[in-house]
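Residue numbers (my numbering): 66 to 405.
Beta carbons are placed, not taken as given, at the ideal position from N, Cα and C, and that holds for glycine.
Scroll down for the structure; my scribbles are underneath it.
Okay, structure coming up:
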């Protein structure tokens, strides 16, 4: 990955982040492997963004085929109709950046056989034959999310979950560190928390709305967070939401539920309580940007304004209670917005 500034160097503008001091070692991006489950409206765009950023390897999971109904989303083309989504994605991604290794699995991870294979790819799918660096959930159903959650809890694997609402007007990304932050089972959706069947809320002939704008925003949030996490720059938000109607962007960490229904989650909670020195979630250090930080830069970058122009943002912690649903959490977010 060359740092040379030339028109024929596809990485010159990315490596500028290193020259400007934003990222210490951007070239390390070539060492990382990210596994993405679901290459639909969010997952396909995340895969494209990470490919353009020069990620070392992507492992793609999906078992759907491209339909013309997918054309309202980004990435796929009418010529891809009928192809497995992972294969269509691989064709496009290799054309974008042939340096990135693309591995595809046209499989449903919710089956017993494929679940075991999925676990093995998490443990052995990296460029070096070891564990992948991150798992990204870009699926659109509860069963798949719970399957990913179970696998990552059992393997103590760090992952990020993402989603867009049925009306396409809101979405979120969430960091999940087993035993340290709430897992997906810690705060089940309202219909599941009330012993309902998720499939019952679906109506024949009615599909969820989908906007490429909302999908792109959430995909951008997720891709940016992946880069910050892997290359260790900036702040990684454990939970970041988006409401299109009010341009509301809530963020807060979710503490694990001590009564979580996932046995492994509770075991890991206890382990990290007993061994706090082994926690991977470190206390965030407040970064103070001052004009003096750029005194020696050759681009003349400066920061205008004084330190008192903007009051420090207060971090809001939300504890996940037993039987609390994601719908309840979104309600809490609205109340926080009203108070601000």
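- Around the beta-carbon of residue 133, fewer than 16 other beta-carbon atoms lie within 10 Å, marking it exposed.
- Nearest Cα to residue 289 within the set 74, 76, 94, 85: 94.
- Rounded to whole angstroms, the separation of the alpha carbons of residue 74 and residue 83 is 15 Å.
- When C-alpha distances from residue 237 are compared across 123, 283, 190, the shortest belongs to 283.
- Residue 101 sits in a strand when the DSSP states are folded into three classes.
- If the five residues before and after residue 173 are omitted, its C-beta is found closer than 8 Å to the C-beta atoms of 128, 179, all from its own chain and listed in chain order.
- Secondary structure in the region 105 to 140: the alpha helix (DSSP H) runs of 4 residues or longer, each lying completely within the stretch, are 108 to 117 in chain order.
- Annotated three-state conformation of residue 145 is helix, per DSSP.
- In this structure, residue 318 lies away from residue 341, with their beta-carbon atoms at least 8 Å apart.
- Counting other Cβ atoms within 10 Å of its Cβ, residue 142 stays below 16 and is therefore classed as exposed.
- Taking all protein chains in view, the Cβ of residue 72 is surrounded by fewer than 16 other Cβ atoms within 10 Å, so the residue is classified as exposed.
- Excluding residues up to 5 positions away in sequence, 174, 175 lie with their Cβ nearer than 6 Å to the Cβ of residue 212 in the same chain.
- For the pair residue 116 and residue 196, the Cα-to-Cα distance works out to about 20 Å.
- If the five residues before and after residue 135 are omitted, its C-beta is found closer than 6 Å to the C-beta atoms of 141, all from its own chain and listed in chain order.
- For residue 295, the secondary structure class from DSSP, reduced to helix, strand or coil, is helix.
- Comparing alpha carbon positions, the residue from 307, 233, 334, 190 closest to residue 121 is 190.
- When DSSP states are grouped into helix, strand and coil, residue 172 belongs to the coil group.
- The Cβ-Cβ distance between residue 131 and residue 148 falls below 8 Å.
- DSSP places residue 227 outside any alpha helix (DSSP H); the residue lies instead in the beta strand (DSSP E), whose first and last residues are 224 to 229.
- For residue 183, the uninterrupted alpha helix (DSSP H) segment begins and ends at 177 to 189.
- For residue 200, the uninterrupted beta strand (DSSP E) segment begins and ends at 199 to 202.
- The continuous stretches of alpha helix (DSSP H) do not include residue 239, which lies in the beta strand (DSSP E) extending over residues 235 to 241.
- About 16 Å separates the Cβ atoms of residue 223 and residue 96, ruling out a contact at the 8 Å cut-off.
- In the structure shown, the three-state DSSP call for residue 305 is strand.
- Residue nearest to residue 306 within the set 294, 235, 144, 249 is 235 (criterion: CA-CA distance).
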